[in-house]
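S.K.:
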Amino acid sequence: MATTVNTQRGQVFIGELPQDFLRITPIHQQHQIQMDAQAAQQLQYGGAVGTVGRLSITVVQAKLAKNYGMTRMDPYCRIRLGYAVYETPTAHNGAKNPRWNKVVQCTVPPGVDSFYLEIFDERAFSMDDRIAWTHITIPESLKEGKIVDEWYSLSGRQGDDKEGMINLVMSYNSVPASMMMQPQPVVLMPTVYQQGVGYVPITGVPTVYNPGMVPVAVPNPAANAQPLYGEEDLKSIQDMFPSMDKEVIRSVLEAQRGNKDAAVNSLLQMTEES
């Protein structure tokens, strides 16, 4: 057993050191783990600890310049934001005018202000064929609470901005980090950017499937909790905007947390700008 001896430089141990010497107690260890987790969360998402940014992208439809292949194309979209990749369902027989109306919820890592979108033709007996692509900067107006409904030019074999256009509806909000749940798996694809081509997979590096952590609204635990809006609310707004797609109206209504007046104002703004 070690003994304590006082010296000019302070107390020192002589002999065999105790088992808990320089060890963190369990309480301190748990506290340190919690602090490390908070610091990691801040580094990952940026901003204040406890909140994360969520970008909602509604992939509505596309108008493509050409139908590649002998049969009608089956297009789907792939969105790359940071290191996460999200995909829409396939629009079977969509050909040059595919419609998806798919809402994709993405977390926005710090320092990321854009995302890369690609359109592929799903093939049954060969590798999927990449049809078109574009690089989109996240509009700053989204962080002011606005909703952006825009058509973006697509590049491809026909040339830059000559492969057609794609319609996206985007909104942005911050949610508590505690409101997290496991979404459908996203693909973590090691890629490299090639000028004029876009992001291509790195040869020899395996693709990783990771469920990731995407912030979503957590339902109210109260047993009598009511939804943010009902189908009657959706139908009443749809009657006001008969030419607008139902799923677009739904995504706007969800982005406004069921506030009908705010949703109508946003839709009016979208129709005026279109």
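Residue numbers (this note's numbering): 1136 to 1409.
Beta carbons: idealized from backbone N, C-alpha and C, even for Gly.
1) Going along the chain, which unbroken runs of the beta strand (DSSP E) with 3 or more residues stay wholly within the stretch 1212 to 1285?
2) Do T1269 and L1289 count as a contact pair if the criterion is CB distance below 8 Å?
3) Which same chain residues end up closer than 7 Å to S1306 when comparing Cβ atoms and leaving out the 5 residues on each side of it in sequence?
4) Just the Cα atoms here: how many angstroms apart are N1308 and K1381?
5) DSSP puts K1198 in a beta bridge; with which residues?
6) Using three-state DSSP, classify G1181 as helix, strand or coil.
7) For I1214, does the count of other Cβ atoms within 10 angstroms reach 16, so buried, or fall short, so exposed?
8) When you compare the CB positions of R1189 and Q1240, do they come within less than 8 Å of one another, or not?
9) Quick one: residues in its chain with C-beta nearer than 7 Å to the C-beta of A1398, no 5 flanking neighbours on either side, listed in chain order?
10) Let's test the definition: count the other Cβ atoms within 10 Å of the Cβ of M1375 and tell me whether it reaches 16, buried, or not, exposed.
11) My assumption, with CB atoms under 8 Å, is that L1402 sits in contact with I1384. Please give the rounded CB distance.
12) On the DSSP bridge assignment, give the partners of Q1146 in chain order.
13) For V1195, which option in M1205, N1232, E1279, N1228 has the closest C-alpha, if you only look at C-alpha atoms?
14) Roughly how many angstroms separate the alpha carbons of K1395 and D1368, rounded to a whole number?
15) Would E1253 be called buried (16 or more neighbouring beta carbons within 10 Å of its own) or exposed?
16) Check each candidate in A1267, G1294, T1223 and name the one with the smallest Cα separation from W1235.
17) If you compare alpha carbons, which of G1393, P1377, M1379, V1220 is closest to G1365?
18) Between H1247 and F1255, what straight-line distance do the alpha-carbon atoms span, to the nearest angstrom?
19) For the alpha helix (DSSP H) that Q1293 lies in, which residues bound it at each end?
20) Tell me the DSSP secondary structure of N1400 in three-state form.
21) Tell me the DSSP secondary structure of M1305 in three-state form.
22) State the start and end residues of the unbroken alpha helix (DSSP H) segment that holds Q1373.
23) What separation, rounded to the nearest whole angstrom, lies between the Cα atoms of D1296 and A1200?
24) Thinking C-beta only, is N1228 closer than 8 Å to R1258?
25) If you follow the alpha helix (DSSP H) that S1386 is part of, which residue opens it and which one closes it?
M.R.: So, from the listed chains and residues:
1) If only complete runs of 3 or more residues are kept, the stretch 1212 to 1285 shows the beta strand (DSSP E) at 1219 to 1222, 1234 to 1242, 1249 to 1256, 1264 to 1272, in order along the chain.
2) Taking a C-beta distance under 8 Å as the contact criterion, L1289 and T1269 qualify as a contact pair.
3) Correct list, in chain order: S1191, L1277, I1282, A1390.
4) Note on geometry: alpha-carbon atoms of N1308 and K1381 lie some 22 Å from one another.
5) M1300, per the DSSP bridge assignment.
6) Here the model assigns G1181 a pLDDT of 46, short of 50, so the residue's position is not dependable, and the following value carries that caveat. Three-state result, G1181: coil.
7) Result: buried.
8) At a Cβ-Cβ threshold of 8 Å, R1189 and Q1240 count as neighbours.
9) Excluding sequence neighbours, A1398 sits near I1372, V1387, L1388, Q1391.
10) Burial call: exposed.
11) Contact holds; Cβ gap of about 7 Å.
12) Looking at the DSSP output, Q1146 shares a beta bridge with N1141.
13) The option with the nearest alpha carbon to V1195 is N1232.
14) Between K1395 and D1368, the C-alpha separation is close to 7 Å.
15) Flag for E1253 reads buried.
16) Closest by alpha carbon: T1223.
17) Closest by C-alpha distance to G1365, out of G1393, P1377, M1379, V1220, is G1393.
18) Sequence inspection shows Val at residue 1247; the His mentioned does not correspond to that position. Here the C-alpha atom of V1247 lies approximately 24 Å from the C-alpha atom of F1255.
19) For Q1293, there is no enclosing alpha helix (DSSP H), as DSSP marks it with neither H nor E.
20) Helix, per DSSP.
21) Strand at M1305.
22) Its alpha helix (DSSP H) spans residues 1366 to 1375.
23) If you draw a straight line from the Cα of D1296 to the Cα of A1200, it is about 10 Å long.
24) No, Cβ-Cβ distance for R1258 and N1228 is not below 8 Å.
25) 1381 to 1390 is the span of the alpha helix (DSSP H), which, as asked, contains S1386.
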